[in-house]
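Enquirer: One structure is given below, represented as structure tokens, and several questions about it will come after.
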């Protein structure tokens, strides 16, 4: 696998178990949107947010987790 994780200055402050959204996701961590993002503490970070750079598109499998209130 050829990929790079560019660490940013701002990221999720807290994570929570995605089982609260759907029981089948128990054990998966997702950002807690009730808490504002904060400083990641990465020294000399140039990027504003984390970036995931993949050099071979065949390695990419997009997945989305949405929580919608209506």
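Numbering (UniProt numbering), first residue to last: 1 to 70.
Ideal Cβ positions, reconstructed from N, Cα and C, are used throughout, including at glycine.
1. In angstroms, rounded to a whole number, what distance separates the CA positions of residue 65 and residue 28?
2. What number of angstroms, rounded off, separates the C-alpha of residue 59 from the C-alpha of residue 70?
3. Here's a check: name, in chain order, each residue in its chain whose Cβ is nearer than 7 Å to the Cβ of residue 30, leaving out the five neighbours to either side.
4. How about residue 8 and residue 47: are their beta carbons less than 7 Å apart?
5. Just confirm the distance between the C-beta atoms of residue 5 and residue 50, as a whole number of angstroms; I'd bet it's less than 8 Å.
Expert: Let me spell this out:
1. 11 Å
2. 35 Å
3. 15, 16, 18, 65
4. yes
5. 7 Å
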